[in-house]
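Below: one structure, written as structure tokens.
4 protein chains.
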Amino acid sequence: MTFFSDAVFAIAMTLLVIEVRVPEIHVHSDAVLGQALLDLLPKYIGFVVSFMVVGRFWVGHHAVMGLLKGLDRRLVWINLLFLMAIAFMPFPTAVFSDYNGLRVAVGFYAGWLIVLGVMNRWLIVSALGNPAMLRDDADPADVKLMRRSSLIPLIIGTLAFALGMIQPIFALAMLVVGSPIVSWLVRRDRRGASPSA
Amino acid sequence: MTFFSDAVFAIAMTLLVIEVRVPEIHVHSDAVLGQALLDLLPKYIGFVVSFMVVGRFWVGHHAVMGLLKGLDRRLVWINLLFLMAIAFMPFPTAVFSDYNGLRVAVGFYAGWLIVLGVMNRWLIVSALGNPAMLRDDADPADVKLMRRSSLIPLIIGTLAFALGMIQPIFALAMLVVGSPIVSWLVRRDRRGASPSA
Amino acid sequence: MTFFSDAVFAIAMTLLVIEVRVPEIHVHSDAVLGQALLDLLPKYIGFVVSFMVVGRFWVGHHAVMGLLKGLDRRLVWINLLFLMAIAFMPFPTAVFSDYNGLRVAVGFYAGWLIVLGVMNRWLIVSALGNPAMLRDDADPADVKLMRRSSLIPLIIGTLAFALGMIQPIFALAMLVVGSPIVSWLVRRDRRGASPSA
Amino acid sequence: MTFFSDAVFAIAMTLLVIEVRVPEIHVHSDAVLGQALLDLLPKYIGFVVSFMVVGRFWVGHHAVMGLLKGLDRRLVWINLLFLMAIAFMPFPTAVFSDYNGLRVAVGFYAGWLIVLGVMNRWLIVSALGNPAMLRDDADPADVKLMRRSSLIPLIIGTLAFALGMIQPIFALAMLVVGSPIVSWLVRRDRRGASPSA
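Residue numbers (our numbering), protein chains in the order written: chain L, 1 to 197; chain W, 1001 to 1197; chain V, 2001 to 2197; chain H, 3001 to 3197.
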């Protein structure tokens, strides 16, 4: 299961680059190509932000799986739903990159982050809430911190959505600078631990 | 072999998103983009249904592989044929999404599910029918249930095909609500077991 | 290394489906869509033949890796060259599917199979010819058979190329029916063994 | 982590072929198709060079991971940044293939190799500089050589960039012939060892 999940994460993250397409230029000059490459800035930002967002979910997923003995039938299906939401990410990313000035595009993207956050939390709470699934050597403090940390992406997604409705660019700012701040707030009573690595 | 199979499943499932393409809109307004995103509904449905269908086959495949010591030459080739049918899924999914009102599209999609069902059953019956391949600790009740369960996708595919010929939308309804019902009917004499997890 | 190689094989095989694109039809009728799906026959054939060709190389690769303790620096690079040739397969397959009536297309495809055959043989002969790399429990008869079997794809590729120059369709016939015949000829003095599974 | 990283490398390398597209020819003749396939030479070169460049980074990454017990939180994130740069490679490769006569395209490609080289070195120096992460049986001579070798891609990328600014084709020459020369210079005091295999 871990192997299969890792492959879905890796593919979804690598496929994000497909949306960054080579610009067609009609005059073959350095100036024109240079400008065309600069104009793709929203595509680069979409790639980087989504790669990091999915990467962050992967780090959390990997850490949770490391605390479990296995997955029962129910967890397998919750995991598949979560992976489906991950596999879908290239689409909201492309919408966001292409129409980043429109509230609908930003809302669609941030809305999908909320969906991911909900499924991530559902998976983590279901997995860690079942003592029969936990490894015997799982540290209760790690388990508690991981459950609490699963709120982070949900909070960030919701804030990005709300801010994006006020002004699209605020959503992006939230995603870039909000993550470390919210993480710090949620984790501040257990500094120094590295539960997700 | 398990690793290779898992990778093919993961890639085929993640590639399904490639068919969901960003709409081109000619007026940059929230209303137009919102409508364009809504118009992609058949694409979303195709993605979700196919992801879950392939995911279900993966769950079964994973469970069967867990009961085997290894694969002999013949099983390796049957497995490759099955994986080929899985790898092909993005194409019938795209045909189904693009032309969901046409019987030929629905029949093509449901027909491919029948092909998958046949190959899945062929693989499972061949693998579990060979005592030399079974792990010594494989529970005979699990083996029996798994052989029987391998009929489920075949039944669902056939019903979806037949219903789709009457009315295309019925095929979709069958795929969404039929799976739990048929699963329940086939498994009802062994509730509580979780053989595929 | 095995894991990485398996992933490259799995991705190259699954990407073959990307070349099979949904037909655009201008009249939405079952007859028109049905005809359009039939017209894609060369695409389906290209997908199936290439999937099986690459699958066959994978089976052999997997078997060889199972006889080795590890790969030294030189083998790592030969393996990377072989994987590069495998990763390139979607391109000759697409050329072959699109222009199957032209000798250049058939020659390009069959020529690439010869390249694959040469690299495959190079890898196998290098790997199995180095006693320091062989596992201690590797059966010398298996090793000998595997070295000899590595000629099969080379022979088939060369025959397909030669026949394709006479008449394009002959190349396809060779690939479909030639493989079992040549395999039988090469292996006939060791029936019943299953070295590649 | 190794598994996930390997998958990202494998996918990024295999996706490079997507940029090599079947030429559309308007006269179906062997001569026209032959010429069209020859005209794709820059695409083939881009595929081969990038496959080998990424393959080389993979070989190094694989070797470094083999010396570590695990990755702490900080290394996980440096690794993710490195993998992001790897996953992005299909884009600079496509720009380079399409506009190989323009300094901006060559500079963009070689510039990205410098980015990869910097991240690769950052990851290797961070990982090997932390004694708590090193495996107990890691040979100090291997560690030292690996740290030093991590300068190679950085040097090659910088030389390719500089030469490409003088004349675009020089960058390519550097990438093809420079790698073995620079490798030899950096390693010459430890011939015969095979630290990256």
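Glycine included, every Cβ here is placed at the ideal spot set by N, Cα and C.
All values derive from a computational prediction rather than experimental measurement.
Indicate the three-state DSSP secondary structure (helix, strand or coil) for residue i in the structure shown.
| i | result |
| --- | --- |
| glycine 1192 of chain W | Because the pLDDT of glycine 1192 of chain W is 45, which lies under 50, any placement of that residue in the model is unreliable, and the number read from its coordinates should be weighed accordingly. Correct three-state label for glycine 1192 of chain W: coil. |
| leucine 3172 of chain H | helix |
| leucine 1068 of chain W | strand |
| leucine 1015 of chain W | helix |
| isoleucine 1181 of chain W | helix |
| leucine 2102 of chain V | coil |
| methionine 1119 of chain W | helix |
List, in chain order, every chain H residue whose beta-carbon is nearer than 8 angstroms to that of residue i.
| i | result |
| --- | --- |
| aspartate 2098 of chain V | Val3022 |
| leucine 37 of chain L | Val3095, Val3104, Phe3108 |
For residue i, go through chain H and note every residue whose CB falls closer than 7 angstroms to its CB, in chain order.
| i | result |
| --- | --- |
| phenylalanine 2091 of chain V | Val3017, Val3020 |
Which residue marks the beginning of the alpha helix (DSSP H) containing residue i, and which one marks its end?
| i | result |
| --- | --- |
| valine 64 of chain L | 41-65 |
| asparagine 1079 of chain W | 1073-1088 |
| proline 153 of chain L | 152-166 |
| arginine 147 of chain L | 140-149 |
State yes or no: is the C-beta of residue i nearer than 8 angstroms to some heavy atom of the ligand NAD?
| i | result |
| --- | --- |
| glycine 2101 of chain V | Absence of the ligand NAD from the depicted structure is noted, as is the absence of any ligand whatsoever, leaving it without description. |
Cβ closer than 8 angstroms: which chain L residues qualify as neighbours of residue i?
| i | result |
| --- | --- |
| histidine 1028 of chain W | Tyr99, Gly101, Leu102 |
I want to verify the contact list: residues of chain V whose CB lies under 7 angstroms from the CB of residue i, in sequence order.
| i | result |
| --- | --- |
| glycine 2954 of chain H | Nothing can be reported for residue 2954 of chain H: it is not among the residues displayed for chain H, which extend from 3001 to 3197. |
| methionine 3146 of chain H | Correct list: empty, because the minimum Cβ distance to chain V is about 13 angstroms. |
What residues of chain V sit near residue i, judged by a beta carbon separation below 9 angstroms?
| i | result |
| --- | --- |
| phenylalanine 1004 of chain W | Asp2006, Ala2007, Phe2009, Ala2010, Trp2058, His2062 |
I want to verify the contact list: residues of chain L whose CB lies under 7 angstroms from the CB of residue i, in sequence order.
| i | result |
| --- | --- |
| glycine 1034 of chain W | Val104 |
Which residues of chain W have a Cβ atom closer than 8 angstroms to the Cβ of residue i, listed in chain order?
| i | result |
| --- | --- |
| methionine 2001 of chain V | Within chain W, no residue comes near methionine 2001 of chain V; the closest Cβ sits about 13 angstroms away, beyond 8 angstroms. |
| valine 2255 of chain V | Any answer about residue 2255 of chain V is impossible in this case: the structure gives chain V only from 2001 up to 2197. |
Starting from residue i, find everything on chain V with Cβ-Cβ shorter than 8 angstroms and list it in chain order.
| i | result |
| --- | --- |
| phenylalanine 1088 of chain W | Val2017, Val2020, Phe2047 |
Which bits of chain L does residue i rub up against, with CB to CB less than 9 angstroms?
| i | result |
| --- | --- |
| valine 3182 of chain H | Per Cβ cutoff of 9 angstroms: no residues; valine 3182 of chain H is ~28 angstroms from chain L at best. |
Using the beta-carbon of each residue, which ones in chain W are nearer than 9 angstroms to residue i?
| i | result |
| --- | --- |
| methionine 2065 of chain V | What methionine 2065 of chain V touches in chain W: nothing, since even the nearest Cβ is about 11 angstroms away. |
Subject >> Contact list for the region 2102-2135 of chain V against chain H, Cβ threshold 7 angstroms >> reply: Leu2102, Arg2103, Val2104, Ala2105, Phe2108
Original post:
Counting Cβ pairs, one atom from each stretch, are 3 or more of them under 8 angstroms apart for the region 2148-2167 of chain V and the region 2099-2113 of chain V?
Top reply: yes
**OP:** Determine, using beta-carbon pairs with one atom in the region 1021-1028 of chain W and one in the region 47-60 of chain L, whether at least three such pairs fall under 8 angstroms.
**Re:** no
**OP:** Count the C-beta pairs between the region 1132-1145 of chain W and the region 1063-1081 of chain W that are closer than 8 angstroms, then say yes if the count reaches three, no if not.
**Re:** yes
Original post:
Using 8 angstroms as the threshold, is the region 1076-1088 of chain W in touch with the region 1003-1014 of chain W, meaning 3 or more CB pairs across them?
Top reply: yes
Original post:
Are the region 2042-2051 of chain V and the region 1161-1177 of chain W touching, with three or more C-beta to C-beta distances below 8 angstroms?
Top reply: no
Subject >> Short-range partners of chain W found in the region 156-180 of chain L, where Cβ spacing is below 7 angstroms >> reply: none
**OP:** Could you tell me whether the region 90-98 of chain L touches the region 137-155 of chain L, where touching means 3 or more Cβ pairs closer than 8 angstroms?
**Re:** no
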